[in-house]
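Student:
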Ligand SMILES: Cc1cc2nc3c(=O)[nH]c(=O)nc-3n(C[C@H](O)[C@H](O)[C@H](O)COP(=O)(O)O)c2cc1C
Ligand code: SF4
Ligand code: SF4
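In my numbering, the protein residues as written are -3 to 272.
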């Protein structure tokens, strides 16, 4: 079996799970290719494989806007296998169901659906960084076991689907997610840059949607912003801020998942190479 695992990851958690899935499926003899959604969107290239995996972080009880755009460009599934997984900070709502419904509408046969609750990389925490990092790694060793089990089920052909009720599907994902999907026009209200910025261009290069301007102090974040907070997590000067309410700038811990920073520029340069 050959599988293409498409993932979107703002700060690296979903990227980490994508690589865990790929490594475990390879142990079962699968050929796997892990592709960042933004690379596929920029290049327009879609590897033709027997099985499609889609992984994403939960935003407002649904998939990120950039994942929604990616789903729109998928070719017809013609009965091909698909699996879906989501990574959340706490409450998944009907996020995986939204993506499964879309894949099924395009003719994919979704056989496996899972969600993982993982410690966030952008958060409020009073713990010392070393203590928080140890707690996080403990959580990850549990997630690694869960992903391994999911990949083994997938390889063994076991079907696992979630059936969210009306509250999760309708109220949460219907209301909050629709609001999030429309909120791009106000991105500049929520993502800001302080005077600590020395325009190094890193956040703009890493932005998956090209919404971050290369001189962020002079221009606003564009409406394509998917609110992934990668810019806030990658900035070496912690100059990108997240405003949750107008006028209130939050004090958050923000960092990328270890190792993800090496992969982000690679994904971006791959995308531009394929474009040219
Ligand atoms: C804009 C936004 C909305 C979010 N909404 C939710 C949510 O509804 N439920 C939840 O459990 N986590 C939510 N989260 C937390 C992310 O799902 C979580 O941080 C995840 O680990 C991010 O994955 P990544 O590192 O791959 O980007 C949200 C995060 C962001 C940035
Ligand atoms: S990464 Fe930080 S310092 Fe560099 S341009 Fe962006 S906001 Fe400014
Ligand atoms: S501007 Fe920042 S939060 Fe918005 S899409 Fe780009 S990297 Fe993500």
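Beta carbons are placed, not taken as given, at the ideal position from N, Cα and C, and that holds for glycine.
Source: prediction; values computed, not measured.
Taking contact to mean 3 or more Cβ pairs, one atom from each stretch, closer than 8 Å, check whether the segment 173 to 186 and the segment 216 to 228 are in contact.
Tutor: A contact exists between the segment 173 to 186 and the segment 216 to 228.
Student: Ignore the nearest five residues each way along the sequence and tell me which others in residue 69's own chain have a CB closer than 8 Å to its CB.
Tutor: Correct list, in chain order: 36, 37, 40 and 42.
Student: Inspect the CB distances between the segment 97 to 116 and the segment 137 to 144 and report whether three or more fall short of 8 Å.
Tutor: Yes, the segment 97 to 116 is in contact with the segment 137 to 144.
Student: Would you identify the three-state DSSP class for residue 233, choosing helix, strand or coil?
Tutor: Note: residue 233 maps to coil in three-state DSSP.
Student: Have a look at residue 12 and residue 53 and give me their C-alpha separation to the nearest angstrom.
Tutor: Roughly 11 Å between the two C-alpha positions.
Student: Hey, how far is the Cα of residue 191 from the Cα of residue 227?
Tutor: Cα to Cα, residue 191 sits roughly 15 Å from residue 227.
Student: Roughly how far, in whole angstroms, is the beta-carbon of residue 0 from the beta-carbon of residue 67, given that I think they are within contact range, below 8 Å?
Tutor: That belief does not hold up - the Cβ atoms of residue 0 and residue 67 are roughly 14 Å apart, past 8 Å.
Student: Does residue 133 pass the burial test, meaning 16 or more other C-beta atoms within 10 Å, or should it be called exposed?
Tutor: With fewer than 16 Cβ atoms within 10 Å of its Cβ, residue 133 is classed as exposed.
Student: Given a cut-off of 9 Å, decide if residue 118 and residue 239 are closer than it, judged by their beta-carbon atoms.
Tutor: Against a cut-off of 9 Å, the Cβ pair of residue 118 and residue 239 comes out as no contact.
Student: Give the DSSP-derived three-state secondary structure of residue 195 in the structure shown.
Tutor: Note: residue 195 maps to coil in three-state DSSP.
Student: Which same chain residues end up closer than 7 Å to residue 252 when comparing Cβ atoms and leaving out the 5 residues on each side of it in sequence?
Tutor: Excluding sequence neighbours, residue 252 sits near 7, 8, 117, 229 and 230.
Student: Kindly indicate which residue of 19, 10 and 154 has the alpha-carbon position closest to the one of residue 224.
Tutor: Minimum Cα distance to residue 224 is reached at 10.
Student: If you draw a straight line from the alpha carbon of residue 131 to that of residue 88, how long is it in whole angstroms?
Tutor: Going by the C-alpha atoms only, they are around 21 Å apart.
Student: Indicate the three-state DSSP secondary structure (helix, strand or coil) for residue 182 in the structure shown.
Tutor: In this structure, residue 182 counts as helix in the three-state DSSP scheme.
Student: Does the pairing of the segment 152 to 163 with the segment 89 to 108 give three or more beta-carbon distances under 8 Å?
Tutor: Enough Cβ pairs lie closer than 8 Å, so yes.
Student: Measuring CA to CA, which of 15, 21 and 234 is closest to residue 31?
Tutor: Nearest of 15, 21 and 234 to residue 31, Cα basis: 15.
Student: Would you say residue 197 touches ligand 2, meaning its beta carbon is less than 8 Å from a heavy atom?
Tutor: Under cutoff, so the answer is yes.
Student: On the DSSP bridge list, what partners appear for residue 108?
Tutor: DSSP output for residue 108 lists 79 and 156 as bridge partner(s).
Student: Give me the Cα-Cα distance between residue 100 and residue 72, rounded to the nearest whole angstrom.
Tutor: Whole-angstrom Cα-Cα distance: 10 Å.
Student: On the DSSP bridge assignment, give the partners of residue 53 in chain order.
Tutor: Answer is 83, bridged to residue 53.
Student: Smallest Cα separation from residue 26: which of 153, 211, 233 and 198?
Tutor: Of 153, 211, 233 and 198, the residue nearest in Cα terms is 153.
Student: Taking only heavy atoms of ligand 2 into account, decide whether any of them is closer than 8 Å to the Cβ of residue 227.
Tutor: Yes; taking the cut-off as 8 Å, the Cβ of residue 227 has a heavy atom of ligand 2 nearer than that.
Student: Of the residues 51, 23 and 28, which one's Cα is nearest the Cα of residue 2?
Tutor: Taking only the C-alpha atoms, the option nearest residue 2 is 51.
Student: So residue 94 is in the alpha helix (DSSP H); what residue range does that whole segment cover?
Tutor: Start and end: 91 to 101.
Student: Can you have a look at residue 20 and say buried or exposed, based on whether 16 or more other CB atoms are within 10 angstroms of its CB?
Tutor: When all chains shown are included, residue 20 counts as buried.
Student: My understanding is that residue 58 touches residue 103, with C-beta atoms under 8 Å, so please give their C-beta distance in whole angstroms.
Tutor: Contact flag wrong, Cβ pair sits at about 22 Å.
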